[in-house]
Amino acid sequence: MRVPLSWLRDHVALPESSPTALANRLTEAGLKVEHVEETGGDIDGVVVARVVEVEELQGLKKPIRWVTLDDGTDRRHVICGATNFAAGDVIAYARPPAMLPGGFQINKRRAYDHESDGMICSARELGLGEDHSGILVLPEDLPLGTDVVEAMSLRDAVLDIETTPDRGYTLSLRGIARELAIAYGVDYDDPGVAAVPSYDAPGYDVVIDDPSGCSRYVARLIRGVDPSRPSPQWLQRRLTLAGMRSISLTVDLTNHVMLDLGQPLHAFDQTTLQGPIVVRRAQMDERIRTLDDVNRSLDPSDLLITDGSGPIAIAGVMGGATTEISGSTRDIVLESAHFEPVSIAYTARRHRLPSEASRRFERGVDSALSPVAAQAAVDLLVQLGGAEPANAGTDVDRRRPSITIRIDVAHPGRLAGVDYAPDRVRARLEDVGCSVTGDAELTVTPPSWRPDLQRSVDLVEEVVRLEGYDLLPVTVPRAPAGRGLTPLQRMRRTIGRALAHSGHVEVVTFPFVGAGITEQLMLDATDGRRPAVRVANPISDEEPFLRPTLLPGLLNAVARNAGRGMPDLALFESGPVFRPATNELPAPGRLPVGVRPSDEQLRALEATIPVQPTHLAVAYAGMREPDGWWGKGRPAVWGDAIECARLIGRAIGVEVDVAPDQHAPWHPGRCAVLRVQGRLAGHAGELHPRVIEAFDLPPRTCAMELRLDELFVAVAGDAQAPPISAFPPATFDLALVVARDIPAADVAAAVRTGAGPLLEELRLFDVYTGAQVGEERKSLAFSLRLRASDHTLTAEEVAAVREAALEVAADRCGAVLRGS
Amino acid sequence: MSPTDYDPKEVATLQPEVLDQTVADAVAAFEAAADLDALSAVHTAHLGGKSPIALARRELGGLPPQARADAGRRVNAALTAIQDAYDRRRGELETTRDEQVLRQESVDVSLPWDRLPRGARHPITLVQERVADIFTAMGWEIAEGPEAEAEWLNFDALNTPEHHPSREEQDTLWLDPPSAGVVLRTQTSPVQMRALLERGAPCYVAVPGRTYRNDAIDATHLPVFTQVEGLAVDVGLTMGDLRGTLDLFARAMFGEDVRTRLRPHHFPFTEPSAEVDLLCWVCHGESAQSGAEPCRTCSSEGWIEWGGCGMVHPVVLASAGVDPDAYTGFAFGMGLERSLMQRHGLTEIRDLIEGDVRVSLSLGREV
Chain A
51 MRVPLSWLRD HVALPESSPT ALANRLTEAG LKVEHVEETG GDIDGVVVAR
101 VVEVEELQGL KKPIRWVTLD DGTDRRHVIC GATNFAAGDV IAYARPPAML
151 PGGFQINKRR AYDHESDGMI CSARELGLGE DHSGILVLPE DLPLGTDVVE
201 AMSLRDAVLD IETTPDRGYT LSLRGIAREL AIAYGVDYDD PGVAAVPSYD
251 APGYDVVIDD PSGCSRYVAR LIRGVDPSRP SPQWLQRRLT LAGMRSISLT
301 VDLTNHVMLD LGQPLHAFDQ TTLQGPIVVR RAQMDERIRT LDDVNRSLDP
351 SDLLITDGSG PIAIAGVMGG ATTEISGSTR DIVLESAHFE PVSIAYTARR
401 HRLPSEASRR FERGVDSALS PVAAQAAVDL LVQLGGAEPA NAGTDVDRRR
451 PSITIRIDVA HPGRLAGVDY APDRVRARLE DVGCSVTGDA ELTVTPPSWR
501 PDLQRSVDLV EEVVRLEGYD LLPVTVPRAP AGRGLTPLQR MRRTIGRALA
551 HSGHVEVVTF PFVGAGITEQ LMLDATDGRR PAVRVANPIS DEEPFLRPTL
601 LPGLLNAVAR NAGRGMPDLA LFESGPVFRP ATNELPAPGR LPVGVRPSDE
651 QLRALEATIP VQPTHLAVAY AGMREPDGWW GKGRPAVWGD AIECARLIGR
701 AIGVEVDVAP DQHAPWHPGR CAVLRVQGRL AGHAGELHPR VIEAFDLPPR
751 TCAMELRLDE LFVAVAGDAQ APPISAFPPA TFDLALVVAR DIPAADVAAA
801 VRTGAGPLLE ELRLFDVYTG AQVGEERKSL AFSLRLRASD HTLTAEEVAA
851 VREAALEVAA DRCGAVLRGS
Chain B
10 MSPTDYDPKE VATLQPEVLD QTVADAVAAF EAAADLDALS AVHTAHLGGK
60 SPIALARREL GGLPPQARAD AGRRVNAALT AIQDAYDRRR GELETTRDEQ
110 VLRQESVDVS LPWDRLPRGA RHPITLVQER VADIFTAMGW EIAEGPEAEA
160 EWLNFDALNT PEHHPSREEQ DTLWLDPPSA GVVLRTQTSP VQMRALLERG
210 APCYVAVPGR TYRNDAIDAT HLPVFTQVEG LAVDVGLTMG DLRGTLDLFA
260 RAMFGEDVRT RLRPHHFPFT EPSAEVDLLC WVCHGESAQS GAEPCRTCSS
310 EGWIEWGGCG MVHPVVLASA GVDPDAYTGF AFGMGLERSL MQRHGLTEIR
360 DLIEGDVRVS LSLGREV
């Protein structure tokens with residue numbers, strides 16, 4: 051809401067503080083002033099002058115005038131392209147060197163073979179409105195040579211105030227003036243409660259068919275408006291400063307009353323109305339052509355103003371074209387009504403028609419205001435529009451009685467932590483317009499303009515905010531002793547740190563994906579990672595799904611970084627992935643508010659939301675270790691992706707088992723399945739070449755995706771220390787030859803089993819394939835370190851371990867000793 | 010003295026002059042050795058088993074006792090002098106050798122050794138952890154909840170009227186079909202509800218997490234962003250407690266001299282409600298004065314909007330099964346991206362979600 055300060059001062063005797071100081075007081079009261087716009091300060095050197103003589107220049111494509119001006123001291127000559135003035139008119143003359151709003155400097159210049167000594171200004175050039183059709187003709191009585199800014203009181207400030215959805219009354223000068231009056235403790239004469247003379251004749255027949263949508267309807271009949279009368283300059287200026295356009299006197303006046311008091315008004319051309327006005331809901335297949343010339347089909351929940359011809363307005367939102375006032379309208383039926391917020395909000399949104407009227411009705415208009423606002427408009431139409439003074443009015447009043455609220459006078463202080471005196475509490479409630487009775491327990495009747503005051507806490511807020519939030523004490527509650535982070539939270543931190551410290555860079559990406567990832571990732575028809583959780587109104591139509599896997603976002607980040615000249619990458623991201631809801635319980639329907647749902651209802655509610663496990667994914671591209679002056683580096687390979695899973699496992703004390711697998715989107719020969727305690731925990735390896743192509747990735751990009759929730763299940767309690775034996779170790783190597791397709795991990799597991807409890811460490815240190823070990827076979831060389839906790843191992847014991855290890859490896863994997 | 014029991018021959022090698030000469034010869038030879046190898050070569054001649062000094066020691070046995078003591082002292086002194094001379098020279102030569110070797114082995118230590126690539130965490134993750142640390146230090150717990158959330162938890166239970174514009178499609182992202190009543194949470198507040206439903210009162214939780222709005226991306230807005238929410242429900246909590254907690258949190262986040270301001274506002278789930286602003290920690294509000302230097306951090310407004318807060322609405326408490334007559338509570342919520350941008354001078358919020366490694370590498374520091 052844009053509020054000219056000069057207008058506010060009409061309502062309330064404000065101190066001569068700076069606009070910024072006033073704005074701060076409003077902000078402190080909860081009406082946040084977004085900014086203060088000072089007007090008039092950016093105009094300089096524009097003076098009142100009279101047109102002495104006008105010469106039309108000939109032979110030009112458009113009319114150009116050579117104008118002689120009298121600025122009170124001299125004769126001046128300017129070129130002007132406007133034609134809406136004649137000799138004798140008083141105009142605003144920008145006399146060089148002059149400055150116009152927006153920093154436009156006006157100097158002497160040569161135009162059309164004449165030396166133009168400045169210019170004549172239009173309303174728009176002075177920031178007075180939109181009108182640029184001609185120059186601004188000023189009232190004749192202004193003294194020549196005076197500064198236009200002073201002569202027309204252009205120096206003003208506009209407060210741009212953010213309004214909250216609960217306080218409709220702050221969308222009016224009346225409401226803001228009340229707040230300022232309270233803030234400065236000055237008297238306030240509320241124009242919204244002015245007395246209305248009783249009607250001596252009916253205005254227009256009105257039937258409220260749906261009182262749930264319309265609780266009051268005042269119709270005033272106004273005859274004899276002179277359509278030729280323009281809006282006076284002060285009215286146009288006020289509307290312009292408030293951010294509205296000047297349209298015609300009648301429309302401008304209804305808008306002025308709306309801005310001033312907060313009551314939207316609508317004017318019908320009386321001659322176009324057929325029969326009584328009926329306020330009702332739309333019927334099936336009803337249509338209306340609105341003022342913006344759009345033919346709209348109506349919904350049965352839309353509230354309408356109708357007459358014998360059908361709909362003539364969408365109530366509280368926009369008028370219809372057939373009853374619109376025109377340039378010849380003299381007789382008007384003026385509507386000043388009260389519509390229910392919810393109905394208006396739905397209708398305005400359904401038709402995408404947010405209007406100044408609907409904004410106010412949605413937030414709640416003062417239901418006592420209808421006759422007052424109508425009277426204000428009638429008075430102005432009589433005064434400025436030449437209408438016949440008459441008191442023809444109809445007031446159909448279906449309002450419900452006002453509510454009362456009981457409040458403990460100590461409640462505001464208790465919630466604020468401040469000891470407010472009971473008198474202050476009462477006074478503050480009366481400040482906002484409540485009537486208050488009682489002592490320890492108050493009975494409070496909120497004013498008609500505060501429908502948001504419903505409960506005792508609502509009254510608490512009024513007291514606390516008006517007493518000032520800056521008076522609140524600064525205390526810190528003593529929370530019960532906490533237990534710090536949960537083990538799950540600690541695990542995620544540990545993993546993040548372990549990855550960062552081992553040369554991985556964390557990224558965060560949007561969780562939206564397109565249907566195309568199915569193909570990009572080569573997911574088959576049964577794959578659970580096909581996108582399935584869809585956003586009904588996505589940010590981008592190309593990406594309407596929530597990610598079922600972290601890989602697309604991460605791989606796109608790889609491609610983006612590589613594209614930006616950073617090809618050596620080890621990226622990770624962690625976050626939820628989205629799978630369809632289980633819906634394993636019947637939907638709970640709309641749960642109650644204000645009472646705790648049952649546990650069954652909550653479980654059923656839980657079953658309606660998508661399954662959202664936390665995943666972690668890592669991707670590698672380019673060099674894992676760079677080339678340098680020390681020699682060649684090392685490219686990232688499948689092993690990095692798999693080892694990363696083990697690294698994470700080690701960081702949190704979970705053993706990650708690795709076995710070969712074939713799983714999209716990985717290379718079928720370079721893909722590992724990761725298991726934890728036998729449960730599937732993820733996959734890792736080099737990506738399939740076609741996937742690499744589809745995401746435009748560097749060749750041989752590798753990736754890993756891990757189900758963190760599965761890992762967490764396996765996190766045990768505190769690790770148990772092994773016996774730290776000081777007896778000497780025995781070490782030996784064991785080279786085993788197996789078929790080429792036997793996984794090394796299986797052989798290692800067999801050796802480990804066979805070696806038994808004396809084995810302290812097992813390490814695979816060489817893999818050899820070649821003629822020496824035979825076709826389709828490979829040699830795996832292990833080193834073993836044995837140690838006993840209580841004695842030095844004998845040669846016999848070591849030999850027995852070696853035999854046993856070989857035996858199990860032979861048994862499980864068909865291993866034979868190399869060279870045998 | 011009976012000469013018959015002993016070798017009557019005067020042993021020349023034990024004569025003082027001779028011993029002096031032996032010492033002098035040895036010292037000269039050691040001094041002349043140019044390196045350790047040369048020293049080692051003359052060692053045998055002057056300290057070996059057949060060296061003059063060794064022979065002299067051997068002759069001592071043939072002397073009569075009265076002469077032996079005298080000669081023995083002389084021989085030992087000579088031996089010590091030779092040994093000392095040797096050790097000293099050896100020490101010198103070793104030092105020389107070491108210096109030479111170490112000089113030869115010197116390298117250019119300014120050469121890079123970045124064979125392990127750098128890693129870093131994302132600033133958004135780190136700021137969430139920092140928030141978690143601040144609140145756990147106050148005894149609070151950190152709660153989490155799903156990002157795709159039930160409408161009831163995101164709106165209804167938080168006292169948002171059914172027709173409230175925030176539920177509309179232009180503000181909220183709905184999952185398909187909208188009739189299923191699942192939204193991408195527009196705030197971390199539903200986790201408040203979950204925490205209260207699970208734990209009951211008293212309850213002190215902070216909730217960092219991702220939230221969603223149907224917003225177009227521009228320099229300062231993202232449709233997916235991070236919030237932190239705080240909720241405290243206990244007997245007798247006041248707005249003063251809210252203010253004190255926010256002050257503490259602000260100082261922990263932005264420095265000891267930062268100041269907060271509460272401004273009345275409206276939220277469906279709190280009453281009274283407020284917005285909380287921070288006094289700009291760069292210009293301390295001075296840029297808002299007319300004619301002052303403009304401030305980039307607060308856009309010369311003096312105050313920086315930080316978030317919303319208030320006393321938990323009785324309907325919200327009741328919806329979680331907490332008796333609003335017995336307990337009061339306060340809640341607050343604020344976005345984290347803007348704070349990050351202001352702290353680090355980021356001008357494009359988009360940089361935070363495009364996955365460019367330069368963001369994490371430059372801002373992902375853990376201090």
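Protein sequences appear in the order of chains A and B.
If you're matching positions, the first sequence starts at 51 in the numbering used here and goes up one per residue.
If you're matching positions, the second sequence starts at 10 in the numbering used here and goes up one per residue.
All C-beta atoms, glycine included, are put in the ideal place defined by N, C-alpha and C.
Nearest-angstrom beta carbon gap, residue j and residue i [assumed within contact, 8 Å]
i	j	result
G732 of chain A	L747 of chain A	In fact, because the Cβ distance is near 19 Å, the residues do not count as touching under 8 Å.
Y470 of chain A	E512 of chain A	Going by Cβ atoms, the distance from Y470 of chain A to E512 of chain A rounds to 12 Å, so no, they are not a contact pair.
A776 of chain A	A831 of chain A	Actually they do not touch by this definition, with Cβ atoms about 29 Å apart.
Distance between residue j and residue i (C-alpha atoms, nearest Å)
i	j	result
P630 of chain A	A657 of chain A	10 Å
L549 of chain A	P501 of chain A	56 Å
D216 of chain A	A228 of chain B	30 Å
I129 of chain A	T118 of chain A	9 Å
W122 of chain B	I143 of chain B	37 Å
C292 of chain B	P170 of chain B	40 Å
Y238 of chain A	S417 of chain A	20 Å
T599 of chain A	V368 of chain B	23 Å
V191 of chain B	F562 of chain A	16 Å
E153 of chain B	T220 of chain A	38 Å
T13 of chain B	A47 of chain B	Caution is warranted here: a pLDDT of 45 is assigned to T13 of chain B, below 50, making its placement in the model unreliable, and no coordinate value can be reported.
P17 of chain B	R82 of chain B	For P17 of chain B, the pLDDT reaches just 49, beneath the cut-off of 50, and the residue's location in the model is therefore unreliable, although a value from the coordinates is still provided. Computed Cα separation, rounded: 21 Å.
E374 of chain A	I382 of chain A	10 Å
P377 of chain B	G57 of chain B	Residue 377 of chain B is absent from the structure shown; chain B starts at 10 and stops at 376.
L361 of chain B	N223 of chain B	18 Å
T781 of chain A	S833 of chain A	7 Å
V367 of chain A	A215 of chain B	42 Å
E491 of chain A	V236 of chain A	28 Å
S56 of chain A	L209 of chain A	11 Å
F263 of chain B	R272 of chain B	20 Å
The ligand ZN heavy atom lying under 8 Å from the CB of residue i
i	result
G681 of chain A	Among the components modelled here there is no ligand, and therefore nothing to report on the ligand ZN.
Three-state secondary structure assigned by DSSP to residue i
i	result
G370 of chain A	strand
N345 of chain A	strand
W9 of chain B	No answer is possible for residue 9 of chain B: it lies beyond the span of chain B, which begins at 10 and ends at 376.
H61 of chain A	helix
Y213 of chain B	strand
D216 of chain A	coil
R77 of chain B	helix
**Prompt:** Should the segment 316-324 of chain B be regarded as contacting the segment 272-284 of chain B, the criterion being three or more beta carbon pairs within less than 8 Å?
**Reply:** yes
**Item:** Contained alpha helix (DSSP H) runs [length at least 4] in the segment 441-499 of chain A, N- to C-terminal order
**Value:** 461-466, 472-481
**Three-pair Cβ contact test at 8 Å for the segment 681-691 of chain A versus the segment 529-542 of chain A** = no
**Item:** Length at least 4, wholly inside the segment 148-209 of chain A: the alpha helix (DSSP H) runs in chain order
**Value:** 198-201
**Prompt:** Which runs of the beta strand (DSSP E) spanning at least 3 residues fall entirely within the segment 766-821 of chain A, listed in chain order?
**Reply:** 780-789, 809-818
**Cβ contact check for the segment 221-236 of chain A and the segment 430-447 of chain A: 3 or more pairs under 8 Å** = no
**Message:** Closer than 8 Å is the cut-off here; do at least three beta carbon pairs connect the segment 130-148 of chain B with the segment 65-81 of chain B?
**Reply:** no
**Prompt:** Would the segment 620-630 of chain A and the segment 663-672 of chain A be scored as touching if the rule is three or more Cβ pairs under 8 Å?
**Reply:** yes
**Any 3 or more C-beta pairs closer than 8 Å across the segment 254-263 of chain A and the segment 323-342 of chain A** = yes
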